[in-house]
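Everything below concerns the one structure shown next.
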Amino acid sequence: MNEHTIVNLPDQATARIPKDNYITRENGLLSWLLTSDHKRIAILYLISLSFFFFIGGALAGLIRLELLTPQTDLMATDTYNKVFTMHGVIMIFFFLVPSVPATLGNFFIPMMIGAKDLALPRINLLSWYLYMAGGLLALYTMAVGGVDTGWTFTTPLSTHYVNTNVLTTGLAVFVAGFSSILTGLNFIVTIHKMRAPGMTWFRLPLFIWAHYAASILMVLATPVVAIAIVLIALERTLGIGVFDPTKGGDPLLFQHLFWFYSHPAVYIMILPGMGVISEVISTFSRKRVFGYTAVAFSSVAIAVFGFFVWAHHMFIMGISNYAVLVFSLLTMLVAVPSAIKIFNWTFTLYKGSITFETPMIYAFGFLGLFTIGGMTGVFLGSSGTDIHLTETYFIVAHFHFVMVGGMLMAFLAGIHFWWPKMTGRMYPEKLSQMAAVITFVGFNLTFFPQFILGMLGMPRRYASYPPEFQILNVFSTAGATILGVGYLLPVLYLVWSLRYGAIAGDNPWQATGLEWQTQSPPLTENFTEMPVMDHEAYDYEWLEKQKKEKGVDSAG
Amino acid sequence: MPDNSAITSNVAHEEHPAYLRHHFSSAEQQADAAGFAMWLFLLTEVMFFGGLFTAYLVYRNWYYPAFVAGSHQLSVVWGTTNTAVLIFSSFTMAMGVWCAQTRRRRGLVLSLALTFFLGLVFLGIKTIEYREKIEKHHVPGFHYSLQSFLDPQSNPEVYAEYHDKPLVPDMARHTELYFSLYFLMTGMHALHMIIGIGILGFMILRARTGAYTAGHETFVVNFGLYWHFIDIVWIYLFALLYLISRH
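Shown next, in the form of structure tokens:
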């Protein structure tokens, strides 16, 4: 360890993983499958999420491979349609939506607020089973032929024209939706009712605020997509006519119902990631997050504004010009709280003691890529440019900058940041720093060319394209292989570290959250006695004082 | 690790009632959390039904004459009876909650059983109504018939009451949309009733053993919220589907 690090590990010769912790308390497969411990459920989610991520990733690889050449040579066009649809369905509903909340949120919300568990532990387990049922149904769908409507289930394509497995995919999304609703509901109740004494709303870590805002969206928006899917299913099977123009129904109604969920859903995906970034940036610059209150309320503002912008997905679908005007304006408003966050994180760095451990490198990646993703969102929010850019690769690039460059970077930042707490062991620092940089480079090489392709007019969702676009597509595919390496590396070394990683001790980062003030891995009950919060969040002076009072290093 | 060896003794069982789960520090906190969760769940239900109400709002505005003609095919008598049945069941449910809170076991069982029975009565009446729709070919889909709307006199009972004029074919075919929404909304409501009745059955069995009358009535209270919510949904459905032209 050189001096440019805050890592503070116990003496490896004498350090031991505590004998009694949430992993060792009970043994056997059933003790995991029937657990109601939020930490174990988080681990179940982490394993299953990663599994679905790599399936979705493999499909993305196939897409990029097909697009290496202008002709359709790897697969038939209808296969290509199925591949990008399943890529979207799996990545959105089975990875991005539950990613941070179901793993890190599940694990750390109770610990950060000083509770023993979520308010509804059995509901929490139920939500994992619903998630798995939905996920396996989606895989089954893929095995029996897939679906080719795009992840948006656009009517009347999905109700009248395709003969693929719309119903089973719809059911998979419906079931996974209930998993998401229950998770959000559980978080809200927990944050309201389970806080430790002294843990006031404005002492909560910003991770909690971000999850609170995302949970509001999960609870209020998800039921609407559920009913939209029910209507699709009934339209398809019984011909009820609500989306069928020949019977007086209007396909646009489906778009409204679908995007009423699916736009807020992108905030469900990104907000918890923003929570992770707040924690990481504060810890690795040794400073309280600048403008704590502003960052906290900007999460809530994103959630609230997020409900009133959905029709910007429909600018070219024949909604009225006045609606376009209003939704365009409201869409711009979302940029304000997002920018508040970015600026405040940047100010947090100002005059901080910055160190460059892996979570921080991912967080820097997030700052840059999310900013680009967010700014290009403003291009798409203004109706004039949107009409030119929508349905091109520009929108693909925008979405992936926000979701992969933003959310996935935040997810990996969080996984590395809390890995020592979850497992009691450190990941290999040098290798993981390298993986973070590889991810960043690979990401830019993959998706930046897609902005240009979109500007030049290459439409999305086609297996072939005019030959003049090939060079940029080759860049993109090459980048995707690098990105693939960047994602495989963490799986390998994180699994390796479970056995061979250095013992982390309680608080390797010298972070201030309550979750760091207990043993790693934590006890089943999280704390030996109920913690009392007597200081503000991110209070590094309090931490120093604690260390002096104890007379021992907290890592000891 | 200075003093983490004696951890388990600190968190061992203290004296507490059997229903208090480990992660709560008091029974009040537990009841509070459960109640709050129930209200949130009802909020998700509002959003779920909200999608259907949105569809109703749009199509009723577009096809008002068709919606009026469609609503005339429903029986206001049965609808009113069912509304009364449900409101009365809300009363018996509220009595049940009161009995649980004041620890009256027999009163609780009786109230729950009455609620259960009234729920079944509601579904029975709904079945009669649905059967009538099937007989008149008013079920959207394959066998939908426009006859009642193109030639209202073919349906003497309804005609005697409302003297509806025939709709032009283009408007008449939109009655199918009205009946789609009718079946969707009342069907979704009936599904909630069936689930509720199932849970009531379970509660009656447990209430007989005194499970809710020993200080832990949270389940009954929260189920009461659910039951009242379904009733409120029905009151909206009754007004929107049966009483369109009566204002």
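Sequence lines, in order, name chains V and S.
With my numbering applied, the first sequence closes on residue 907, and no number is skipped along the way.
With my numbering applied, the second sequence closes on residue 244, and no number is skipped along the way.
Glycine is no exception: its CB is placed at the ideal position from the N, C-alpha and C atoms.
Predicted, not measured: the structure shown is a model, and the values here were computed from it.
Around the C-beta of residue i, are 16 or more other C-beta atoms found within 10 angstroms, so that it is buried, or is it exposed?
| i | result |
| --- | --- |
| V:Ile539 | buried |
| S:Trp36 | exposed |
| S:Thr183 | buried |
| V:Ala470 | buried |
| S:Gly207 | exposed |
| S:Ala81 | exposed |
| V:Glu866 | buried |
| V:Lys370 | exposed |
| V:Ile746 | buried |
| V:Thr515 | buried |
| V:Asn432 | buried |
| V:Leu849 | exposed |
| V:Leu874 | buried |
Check whether chain S comes within 8 Å of residue i, counting only Cβ atoms and requiring the distance to be less than that.
| i | result |
| --- | --- |
| V:Asp362 | no |
| V:Gly590 | yes |
| V:Asn353 | Low confidence applies here, because V:Asn353 scores a pLDDT of 47, under 50, leaving its location unreliable; read the following figure in that light. Chain S, which has no Cβ nearer than 8 Å to the Cβ of V:Asn353, makes this no. |
| V:Gly852 | no |
| V:Leu471 | yes |
| V:Gly600 | yes |
| V:Leu894 | no |
| V:Leu476 | no |
| V:Leu555 | no |
Show which residues of chain V have a CB atom less than 7 Å away from the CB atom of residue i.
| i | result |
| --- | --- |
| S:Met44 | Leu571, Pro574 and Val575 |
| S:Phe33 | Val540, His543 and Lys544 |
| S:Gln26 | Lys544 |
| S:Ser177 | Ile591, Gly592 and Val593 |
| S:Ala52 | Val593 and Leu604 |
| S:Glu214 | Chain V residues near S:Glu214: none, gap ~18 Å exceeds 7 Å. |
| S:Glu173 | Gly592 and Lys598 |
So which of the options has the shortest CA-CA distance to residue i?
| i | options | result |
| --- | --- | --- |
| S:Leu222 | S:Tyr16, S:His140 and S:Leu39 | S:Leu39 |
| S:Val217 | S:Phe199, S:Val230 and S:Tyr141 | S:Phe199 |
| V:Ile833 | V:Pro369, V:Leu518 and V:Phe794 | V:Phe794 |
| V:Leu455 | V:Val617, V:Tyr396 and V:Tyr889 | V:Tyr396 |
| V:Val593 | S:Met90, S:Thr41, S:Trp59 and S:Ala15 | S:Trp59 |
| V:Ala572 | S:Thr41, S:Arg18 and S:Phe33 | S:Thr41 |
| V:Gly724 | V:Phe802, V:Pro556 and V:Ala662 | V:Phe802 |
| V:Phe826 | V:Val631, V:Lys598, V:Pro800 and V:Leu589 | V:Pro800 |
| V:Phe678 | V:Phe698, V:Gly549, V:Gly642 and V:Trp610 | V:Trp610 |
| V:Leu700 | V:Pro817, V:Phe635, V:Gly756 and V:Met881 | V:Phe635 |
| V:Val617 | V:His664, V:Val646, V:Arg639 and V:Thr644 | V:His664 |
| S:Val55 | S:Leu240, S:Gly195 and S:His171 | S:His171 |
| V:Asp601 | V:Ile621, V:Met620 and V:Ala579 | V:Ala579 |
| V:Leu681 | V:Phe768, V:Phe656, V:Leu582 and V:Ser629 | V:Phe656 |
| V:Tyr889 | V:Glu900, V:Thr697, V:Asn372 and V:Tyr643 | V:Tyr643 |
Can you check whether the C-beta of residue i is within less than 8 Å of a C-beta belonging to chain V?
| i | result |
| --- | --- |
| S:Phe64 | no |
| S:Tyr60 | yes |
| S:His225 | no |
| S:His134 | no |
| S:Asp29 | yes |
| S:Pro163 | no |
| S:Leu71 | no |
| S:Val217 | no |
| S:Glu126 | no |
| S:Gly138 | yes |
| S:Leu237 | no |
| S:Leu240 | no |
Can you list the residues of chain V that residue i reaches, using a CB-CB cut of under 8 Å?
| i | result |
| --- | --- |
| S:Thr41 | Ile532, Leu536, Val570, Leu571, Thr573 and Pro574 |
| S:Leu37 | Leu536, Ile539, Val540 and Val570 |
| S:Arg170 | Lys598 and Gly599 |
| S:Val55 | Asp601 and Leu604 |
Taking Cβ-Cβ distances shorter than 8 Å, what residues in chain S pair up with residue i?
| i | result |
| --- | --- |
| V:Gly549 | Going along chain S, no residue has its Cβ under 8 Å from V:Gly549, so there is no contact; the nearest lies around 14 Å. |
Name the chain S residues that come within less than 7 Å of residue i, Cβ to Cβ?
| i | result |
| --- | --- |
| V:Ile578 | Phe45, Gly48 and Leu49 |
| V:Ala466 | His20 |
Which residues in chain S have a C-beta closer than 9 Å to the C-beta of residue i? List them in chain order.
| i | result |
| --- | --- |
| V:Leu608 | Gly48, Thr51 and Ala52 |
Problem - Minimum length 4: unbroken alpha helix (DSSP H) runs contained in the segment 615 to 639 of chain V - result: none
Handout entry: Every unbroken alpha helix (DSSP H) within the segment 364 to 421 of chain V, with a cutoff of 4 residues, ordered by chain
Key = 380 to 384 and 389 to 417
Problem - Whole alpha helix (DSSP H) elements within the segment 23 to 80 of chain S, 4-residue minimum - result: 24 to 59 and 61 to 69
Exercise for the section: Counting only runs of 4+ residues fully inside the segment 743 to 823 of chain V, write out the alpha helix (DSSP H) ranges in chain order. Expected result: 744 to 751, 760 to 774 and 780 to 807
Problem - Whole alpha helix (DSSP H) elements within the segment 418 to 483 of chain V, 4-residue minimum - result: 428 to 442 and 457 to 464
Handout entry: Ordered list of beta strand (DSSP E) runs contained in the segment 111 to 179 of chain S, each at least 3 residues
Key = none
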